[in-house]
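Visitor:
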Ligand SMILES: NC(=O)c1ccc[n+]([C@@H]2O[C@H](COP(=O)([O-])OP(=O)(O)OC[C@H]3O[C@@H](n4cnc5c(N)ncnc54)[C@H](OP(=O)(O)O)[C@@H]3O)[C@@H](O)[C@H]2O)c1
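Numbering (this note's numbering), first residue to last: 2 to 254.
#1: Can you list the beta strand (DSSP E) stretches of 3 or more residues lying completely in the segment 215-248, in chain order?
#2: Quick one: Cα of residue 11 to Cα of residue 165, how far?
#3: Could you tell me the alpha carbon to alpha carbon distance between residue 62 and residue 116, rounded to whole angstroms?
#4: Going by the C-beta, is residue 46 closer than 8 Å to any heavy atom of ligand 1?
#5: When DSSP labels each residue in this structure, what does residue 25 get in the three-state scheme?
#6: Taking the alpha-carbon positions, what's the residue 25 to residue 211 distance?
#7: Looking at residue 141 and residue 91, is the spacing between their C-beta atoms short of 9 Å?
#8: With respect to 8 Å, is the separation between the Cβ of residue 256 and the closest non-hydrogen atom of ligand 1 below this value?
#9: Put residue 149 into one of helix, strand or coil per three-state DSSP.
#10: Against chain D, does residue 196 count as a neighbour if the rule is that its beta carbon must be under 9 Å from one of theirs?
#11: Taking the alpha helix (DSSP H) that residue 119 falls in, what are its first and last residues?
#12: Is residue 244 closer than 9 Å to residue 185 when the C-beta atoms are compared?
#13: Whose C-beta lies closer than 7 Å to the C-beta of residue 154 among residues of the same chain, with five residues either side of it excluded?
#14: Using the three-state DSSP reduction, which class does residue 162 fall into: helix, strand or coil?
#15: Within 8 Å: the Cβ of residue 261 and any heavy atom of ligand 1?
#16: Which one or two residues does DSSP pair with residue 35 in a beta bridge?
#17: Buried or exposed for residue 37, please, with buried defined as at least 16 other CB atoms from any protein chain shown within 10 angstroms of its CB.
#18: I'd like to confirm something about residue 188: is its beta-carbon nearer than 8 Å to some heavy atom of ligand 1, or not?
#19: Terminal residues of the continuous alpha helix (DSSP H) containing residue 206?
#20: Buried or exposed for residue 35, going by 16 or more other Cβ atoms inside 10 Å?
#21: For residue 5, count neighbouring C-beta atoms within 10 Å of its own C-beta (all shown protein chains included) and say buried if the count is 16 or more, exposed if not.
#22: Please list the segments of the alpha helix (DSSP H) lying wholly inside the segment 24-100, counting only runs of 4 or more residues, in order along the chain.
#23: Name the DSSP beta bridge partners of residue 322, please?
#24: Assuming residue 110 and residue 157 make a contact with CB atoms under 8 Å, what is their CB distance in whole Å?
#25: Once you ignore the five residues that flank residue 137 on each side, which residues in its own chain have a CB closer than 7 Å to its CB?
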């Protein structure tokens, strides 16, 4: 079976210069999706987009910090002016923040939310407005299985990812009648810069691998394939759900 409803469509992927976002943009472009990619570091972003273009895809780099309201507005405007509209929004950009709760200031918690959560809501709301006028669309948020767990020194990150899951359910029920499907893909350990330091430490790597039934970390492309399915017509009746892609870690005893 071939996934349908992807060829010729436009996706906006945040945090697409590296890691999971870059792989999502790559996998979607292989299915004929034009990708608008954003990140803060422009040179790395341009390099990522030229890799996609060399492979025959269409990728537009737009430098944007998702925590900036002005950047978000310009990002949407640019995508619409270049490609006429946005069919798929992939809210992927995120940062990691490690600090004990007792040491975490209000400002630091807000900072985590300002990157990992608030932009996912505002971009979803503003992109959904134009999706409604186009007859529908797909919004896929990248959460984390830690959104379901209590992890020491990770309260800011866990709270931000838990909020993404709650938002996904609320937006899905409000927008289902507009033919907009909203889902979250929540990865476990995936081999990117965020997880590299832990995986390079042998002791830590062994602890992590022992906890994953699949006994390996995931590859960014594996997240990309799930996102591509959730963008395709084959997923049109799926909305408001959280998909854990974690080698069985969350449900393991
Ligand atoms: N890797 C894992 O094991 C794992 C597990 C669970 C969930 N996740 C989630 O998956 C998503 C991607 O993670 P990753 O591992 O691929 O991270 P990564 O390799 O560090 O890549 C993060 C991407 O987001 C961009 N970014 C960061 N802050 C941004 C901002 N304020 N505005 C715009 N772009 C921004 C980065 O580019 P610039 O720095 O140039 O802006 C980069 O392109 C995150 O939401 C993360 O929480 C990852």
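All C-beta atoms in this analysis are idealised placements derived from N, C-alpha and C, irrespective of residue type, glycine included.
Guide: With the structure as the only source:
#1: If we require 3 residues or more, the beta strand (DSSP E) runs fully inside the segment 215-248 come out as 243-246.
#2: Their backbone Cα atoms lie some 23 Å apart in a straight line.
#3: When rounded, the distance between both Cα atoms is 19 Å.
#4: It does: the Cβ of residue 46 is within 8 Å (strictly closer) of some heavy atom of ligand 1.
#5: Judged by DSSP in its simplified three-state form, residue 25 adopts helix.
#6: Distance between the alpha carbons of residue 25 and residue 211: 27 Å.
#7: Their beta carbons are under 9 Å apart, which means residue 91 touches residue 141 by this criterion.
#8: Examination of residue 256 is not possible in this model, given that the chain is present from 2 through 254 alone.
#9: In this structure, residue 149 counts as helix in the three-state DSSP scheme.
#10: In the structure shown, chain D cannot be found, because there is only a single protein chain.
#11: Residues 119-134.
#12: Yes, the pair counts as a contact, with Cβ atoms nearer than the cut-off.
#13: The residues are 99, 100, 101.
#14: In this structure, residue 162 counts as helix in the three-state DSSP scheme.
#15: The structure shown does not extend to residue 261, since the chain is modelled only from 2 through 254, so no value can be given for it.
#16: Per DSSP, 11.
#17: With 16 or more Cβ atoms within 10 Å of its Cβ, residue 37 is classed as buried.
#18: True, at least one ligand heavy atom lies under 8 Å from that Cβ.
#19: Counting along the chain, residue 206 sits inside the alpha helix (DSSP H) bounded by residues 203-212.
#20: Residue 35 is buried by the Cβ-count criterion.
#21: Taking every protein chain shown into account, the CB of residue 5 has fewer than 16 other CB atoms within 10 angstroms, so this residue is exposed.
#22: Within the segment 24-100, the complete alpha helix (DSSP H) segments at least 4 residues long are 43-55, 70-84, listed from N- to C-terminus.
#23: This structure does not reach residue 322, given that the chain is present from 2 up to 254, and the question cannot be answered.
#24: Correct: roughly 5 Å between the Cβ atoms.
#25: Taken in chain order, the residues that qualify are 179, 180, 181.
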